[in-house]
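Below is one structure; the comments refer to it alone.
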Amino acid sequence: MADEWTDTSTTSRSVEEYARVVSRMAVAHILGRGAGFESVQTGAANAMVDVMATYIRRIGKEAQDLAEHAGRTKPQATDILLALEDMVPNPVQFTDLVQAFKDFHQKYENNFSFPREMPRFPGKKAKRKHGDLNEDIIGRRETDQPAYAPSFAPPLPHRHTYSQERHIVVEKEQDPKKIRINLLKQKSEVHESLHNLVDYKSKVATPASVVEPIWQPHLGRHDSHSTSNAFVRQPSLKQGPDHLQDVYKPPAAPFRPMINKPKRKVIEPVNTKSEENNNLPKEDKILAGTYHDGDSE
1 MADEWTDTST
11 TSRSVEEYAR
21 VVSRMAVAHI
31 LGRGAGFESV
41 QTGAANAMVD
51 VMATYIRRIG
61 KEAQDLAEHA
71 GRTKPQATDI
81 LLALEDMVPN
91 PVQFTDLVQA
101 FKDFHQKYEN
111 NFSFPREMPR
121 FPGKKAKRKH
131 GDLNEDIIGR
141 RETDQPAYAP
151 SFAPPLPHRH
161 TYSQERHIVV
171 EKEQDPKKIR
181 INLLKQKSEV
191 HESLHNLVDY
201 KSKVATPASV
211 VEPIWQPHLG
221 RHDSHSTSNA
231 FVRQPSLKQG
241 PDHLQDVYKP
251 PAAPFRPMIN
261 KPKRKVIEPV
271 NTKSEENNNL
281 PKEDKILAGT
291 YHDGDSE
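Going by UniProt numbering, 143 is the number at position 143 of the sequence shown; the sequence numbering is gapless.
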């Protein structure tokens, strides 16, 4: 069974299938060497493989959860030991594991490994030699579709673009004279293309612009001002230099008539009572209440 995985051409099998084959070999080895069975039915072996796979997945999941809880991305040996202690209903202690390994070493004299060497998955690919390659397939486009391709699929590109048989290395020109000749040739091709484009543009006649008439129902057939309705008639503009306004001319100031406003006459008030009061004698001023200290007699 292990010989199926020794060939490197069979590395396309899935990891699940590989793990199941290895688990079946481990179960058969434990039943034959450890328990003393000589044969086992296929259904019983598959059931024990499923139980062992479930147990291992559960330990791995618990260890991954403990590692993430501790801030790590990958579990360590301590995480696996803690996961074994959390297994329900039969937790496994570290001392139990050490004692079990000691018993196995004493019983089987350190010879409890697989009788055959297990290959690693995935296997290493053998390097191909350049002499084994077919040079005709390089740079050739495949026209025949493979059997698994549907009928509506587009044709495959060149094989060297997706094939892993060989890494194509494009050899560049090293001669400076040939490089200059190639550049001049490319430049002449560009100039020739531009000249052809100009000649083609000159030969093609420019189409004349045709102004389509606009239907205006409010206008007459021959005269645009023949309608009698003044509200829908087009405004008639007088053409001439007198009616053209200069856009750069500032606006004229509005007309303001000059009005001569009458001047107000200043009228000086004359207080006759104060003059009469000054002419009164002192006794009359005292009686009238208009006498103040300092007034002249």
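Even for Gly, the Cβ is constructed at its ideal location relative to N, Cα and C.
Is the separation between the beta-carbon of residue 84 and that of residue 75 shorter than 8 Å? Taking the first residue of the sequence shown as position 1, residue 84 is located at position 84. Taking the first residue of the sequence shown as position 1, residue 75 is located at position 75. Taking 8 Å as the Cβ cut-off, residue 84 and residue 75 do not qualify as a contacting pair.
Is the beta carbon of residue 14 sitting closer than 8 Å to the one on residue 49? Taking the first residue of the sequence shown as position 1, residue 14 is located at position 14. Taking the first residue of the sequence shown as position 1, residue 49 is located at position 49. For residue 14 and residue 49, no; Cβs fall outside 8 Å.
Here's the rule I'm using: 16 or more other beta-carbon atoms within 10 Å means buried, otherwise exposed. How should residue 51 be labelled? Locating residue 51 in the sequence shown gives position 51, counting from the first residue. Classification for residue 51: exposed.
Do the CB positions of residue 30 and residue 59 come within less than 8 Å of each other? Taking the first residue of the sequence shown as 1, we reach residue 30 at position 30. Taking the first residue of the sequence shown as 1, we reach residue 59 at position 59. No, the Cβ-Cβ distance between residue 30 and residue 59 is not below 8 Å.
Do residue 62 and residue 96 have their beta-carbon atoms positioned less than 8 Å apart in this structure? Counted from its first residue, the sequence shown places residue 96 at position 96. Counted from its first residue, the sequence shown places residue 62 at position 62. No. Outside cutoff.
Going by the beta-carbon positions, is the gap between residue 25 and residue 104 smaller than 8 Å? Taking the sequence shown and counting its residues from 1, the one referred to as residue 25 is at position 25. Taking the sequence shown and counting its residues from 1, the one referred to as residue 104 is at position 104. For residue 25 and residue 104, no; Cβs fall outside 8 Å.
Please tell me whether residue 53 and residue 28 are closer than 8 Å, where the distance is taken between their beta carbons. Counting from 1 along the sequence shown, the entry for residue 53 is found at position 53. Counting from 1 along the sequence shown, the entry for residue 28 is found at position 28. Their beta carbons are not under 8 Å apart, which means residue 53 does not touch residue 28 by this criterion.
Return helix, strand or coil for residue 73, following the three-state DSSP convention. Within the sequence shown, numbered from 1, the residue matching residue 73 stands at position 73. Coil.
Under the three-state reduction of DSSP, which class applies to residue 175: helix, strand or coil? Translated into positions along the sequence shown, residue 175 becomes position 175. Residue 175 falls in the coil class under three-state DSSP.
Distance, Cα to Cα, residue 4 vs residue 33? For the purposes of this step, residue 4 is identified with residue 4 of the sequence shown, where counting begins at 1. For the purposes of this step, residue 33 is identified with residue 33 of the sequence shown, where counting begins at 1. Note that residue 4 has pLDDT 44, beneath the 50 cutoff, so the model's placement of it is unreliable and no number is given.
Element boundaries [alpha helix (DSSP H), containing residue 148]: In the sequence shown, the residue the question calls residue 148 occupies position 148. Neither: residue 148 is in no alpha helix (DSSP H) and is coded neither H nor E.
Determine the DSSP secondary structure at residue 90, reduced to helix, strand or coil. Residue numbering aside, residue 90 sits at position 90 when the sequence shown is read from its first letter. Correct three-state label for residue 90: coil.
Can you tell me which of the three DSSP states residue 36 falls into? Stepping through the sequence shown from its first residue, residue 36 is reached at position 36. Residue state, collapsed to three classes: coil.
Through-space distance from residue 193 to residue 187, alpha-carbon basis: On the sequence shown, residue 187 is found 187 positions in, with the first residue counted as 1. On the sequence shown, residue 193 is found 193 positions in, with the first residue counted as 1. Roughly 10 Å separates the two Cα atoms.
With DSSP run on the structure shown, which of helix, strand or coil describes residue 104? The sequence position of residue 104 within the sequence shown is 104, counting from 1. Note: residue 104 maps to helix in three-state DSSP.
Kindly indicate which three-state DSSP category residue 290 falls into: helix, strand or coil? For this step, residue 290 is matched to residue 290 along the sequence shown. Of the three classes helix, strand and coil, the one that applies to residue 290 here is coil, per DSSP.
Going by DSSP in three states, residue 25 sits in which element: helix, strand or coil? Taking the sequence shown and counting its residues from 1, one reaches residue 25 at position 25. Helix at residue 25.
Name the residue from 191, 73, 120 and 93 whose alpha carbon lies nearest to the alpha carbon of residue 21. On the sequence shown, position 21 is the one that residue 21 refers to. Per the Cα distances, 120.
So what's residue 118 in DSSP terms, helix, strand or just coil? Counting from one through the sequence shown, the residue named residue 118 turns up at place 118. Coil.
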